[in-house]
């Protein structure tokens, strides 16, 4: 693969924050479910300083009804999704707010 896709930590944090809020959970509830000693790790995710570990992403995905990959925002200059019907979309809203797993492929150029 010529184009490496890395994680946009700031946008990922904002996405996780929005999904938690929209689902009606508090930081304290998430902290309890993930067995965290305090809320600091969650606030670091929200600010994009760190991202959740794989096991925390998995649990977050389960409680939010999302695939864990859909809680991560990739960073690249231009992003497209190749739709299962052969079409192509570059709509940022669609890329960040839809389940990319419903599409055939994510292309970063």
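Residue numbers (our numbering): 13 to 121. Note that beta-carbon positions come from the ideal geometry of N, C-alpha and C, so glycine has one too.
Give me, in chain order, the residues of the same chain whose beta-carbon lies closer than 7 Å to that of residue i; leave out the 5 immediate sequence neighbours on both sides.
i	result
residue 23	85
residue 63	19, 21, 24, 57
residue 78	31
Quick check on the DSSP output: the alpha helix (DSSP H) that includes residue i runs from which residue to which?
i	result
residue 84	Counting along the chain, residue 84 falls outside any alpha helix (DSSP H), and DSSP gives it neither H nor E.
residue 65	Looking at the DSSP string, residue 65 is not in any alpha helix (DSSP H), and its letter there is neither H nor E.
residue 133	As displayed, the chain neither begins before 13 nor continues past 121, which places residue 133 out of reach and without an answer.
residue 53	52 to 59
Look at residue i and residue j and say whether their C-beta atoms are less than 8 Å apart.
i	j	result
residue 31	residue 69	no
residue 12	residue 87	With the chain running from 13 to 121 in the structure shown, residue 12 is simply not present.
residue 39	residue 54	yes
residue 83	residue 46	no
Take residue i and list the residues in its own chain whose beta-carbon comes closer than 6 Å to its own, dropping the five residues that flank it on each side.
i	result
residue 48	none
residue 110	Note that residue 110 has pLDDT 49, beneath the 50 cutoff, so the model's placement of it is unreliable and the number below is only indicative. Nothing meets the Cβ criterion.
residue 60	21, 22, 25
Buried or exposed, going by whether 16 or more other CB atoms sit within 10 Å of the CB of residue i?
i	result
residue 25	buried
residue 44	exposed
residue 67	exposed
Please go through the same chain and pick out, in chain order, the residues whose beta-carbon is closer than 8 Å to the beta-carbon of residue i, but skip the five residues on each side of it.
i	result
residue 80	66, 69, 70, 72, 73
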